[in-house]
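For reference, each letter of the sequence shown is one residue, going 1065 to 1353 in my numbering. For reference, the structure discussed in these notes is given below.
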Amino acid sequence: MSDNAPRCYIGLPQWNHPDWGDGPLAGNSQSHPLGLYARYFSSVEGNTTFFGLPSTDAIQRWLSETTEPFRFCFKFPQTISHLSQLRHCDKELTELFNCMQKLEDRLGLLCLQLPETFSPQHLPQLQEFFSILPTGFNYSIEVRNIGFFKKDDRERDFNRLLLDSGINRTTFDTRPLFNHPTTDHATQEALGAKPNMPVHVLATGMQPMVRFITAMNWESSTNYLNPWINKVVQWLDEGRSPYIFLHTPDNRSAPDVARLFAAKLEAERPGQVCFTDWPDSQQQQSALF
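Have a look at this one:
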């Protein structure tokens, strides 16, 4: 696959988890969890930057533990997206870009997640913010105010701004979670934290981003997952390189959801899916002897 060929990056919302010790990511809690994760997955949602920027030493370590085609997708810090609401944050932006450019070609998307209070009335503010973003980076934006999902002139103005700016509109598909709630703690926590917004799918840039969370019984969510295969195939055929991140309420089974998605997509577009499968546990055991 050439560097410019369309490809689909597949990842999870984190690269280590205490409950991944009995699967392909066993040993994940040891000193190099990212390196183990990157054997199989080609991207990850970097939520840590929402709270603070990584040190240069951390970035150098991440670079040493990953190889092509791995891509990090990091959030804009909350000081920019939430506390400043995109205003008077020149210093914070400079610090962010000085930090992120150290990742070089290992950086995928810089992800702007806006709070629910950021509504369509703030579009002029958003347009001004986009105008000061440096070129040379790829961006995505996730909005959580229902005003952006009305299929009216305000949403069309928002989408037009993204199309004109080449900024990707992130889709967070939470339908399986909200349509099939259970009483377990992880699900209840996710229901309180995740947005319950309509799914409006539009590629406004060349790197569409999809976040998908299943119900706790993730295998019952495949009827929601399958249409995304068709959409990603369409995007690949259009020359786009989407980023797909798979979640479960507690993320314990997120690797299995990603594996299923990757297998289905690989069957449709062989060679365009950046994912390395792992052997089943029985095969893993046999390989030891």
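In this text, a Cβ means the ideal position worked out from N, Cα and C, and glycines have one as well.
Counting along the chain, where does the alpha helix (DSSP H) carrying Gln-1189 start and finish? 1187–1195
Could you work out which residue in Met-1270, Ala-1069, Arg-1071, Pro-1082 is closest to Ala-1318 when comparing CA atoms only? Pro-1082
Kindly give me the distance between the Cβ atoms of Leu-1266 and Arg-1233, rounded to whole angstroms, as I take these residues to be in contact under 8 Å. 6 Å
For Trp-1342, which residues from the same chain have a beta carbon less than 7 Å from its beta carbon, with the 5 sequence-adjacent residues on both sides left out? Pro-1088, Tyr-1104
Quick one: residues in its chain with C-beta nearer than 6 Å to the C-beta of Ala-1326, no 5 flanking neighbours on either side, listed in chain order? Ile-1074, Val-1337, Phe-1339
Tyr-1288, DSSP secondary structure in three states: helix
So if DSSP puts Lys-1139 in a beta bridge, which residue, or which two residues, is it bridged to? Cys-1175
For Arg-1333 and Gly-1303, the rounded distance between their alpha carbons: 13 Å
Label Ile-1277 either buried or exposed according to how many other C-beta atoms from any shown protein chain fall within 10 Å of its C-beta, with 16 as the threshold for buried. buried
Reducing DSSP to helix, strand and coil, say where Ala-1254 ends up. helix
Which of the three DSSP states is assigned to Val-1045 in this structure? Since the first residue of the chain shown is 1065 and the last is 1353, residue 1045 is not available in this structure.
Taking the Cβ atom as the reference point for each residue, do Pro-1070 and Ser-1285 lie within a distance shorter than 7 Å? no
Unbroken stretches of the alpha helix (DSSP H), 4 residues or longer, contained in the segment 1191–1253: 1217–1229, 1239–1243
Between Ser-1145, Thr-1312, Asn-1209, Gly-1200, which has its C-alpha nearest Leu-1255's C-alpha? Thr-1312
Which runs of the beta strand (DSSP E) fall wholly inside the segment 1091–1172 and span at least 3 residues, in chain order? 1107–1110, 1135–1139
When the distance is taken between beta carbons, is Ile-1123 closer than 7 Å to Lys-1166? yes
Contact check, Glu-1109 vs Phe-1309 under 8 Å by CB: the rounded distance? 5 Å
C-alpha distance - Pro-1179 paired with Thr-1251, whole-angstrom precision: 21 Å
Alpha-carbon to alpha-carbon, Thr-1130 and Leu-1076: 15 Å
Could you tell me whether the Cβ atoms of Cys-1175 and Leu-1117 are closer together than 7 Å? no
Val-1263 (DSSP reduced to helix, strand or coil): coil
What's the gap between the Cα of Arg-1224 and the Cα of Leu-1289? 27 Å
Do Leu-1227 and Thr-1199 count as a contact pair if the criterion is CB distance below 7 Å? no
Would you identify the three-state DSSP class for Phe-1339, choosing helix, strand or coil? strand
Cβ of Lys-1155 versus every heavy atom of the ligand NAD: is any distance shorter than 6 Å? Absence of the ligand NAD from the depicted structure is noted, as is the absence of any ligand whatsoever, leaving it without description.
Rounding to the nearest angstrom, what Cα-Cα distance links Gln-1142 and Phe-1114 in this structure? 5 Å
When you compare only the Cα positions, how much space is there between Leu-1390 and Asn-1202? Since the first residue of the chain shown is 1065 and the last is 1353, residue 1390 is not available in this structure.
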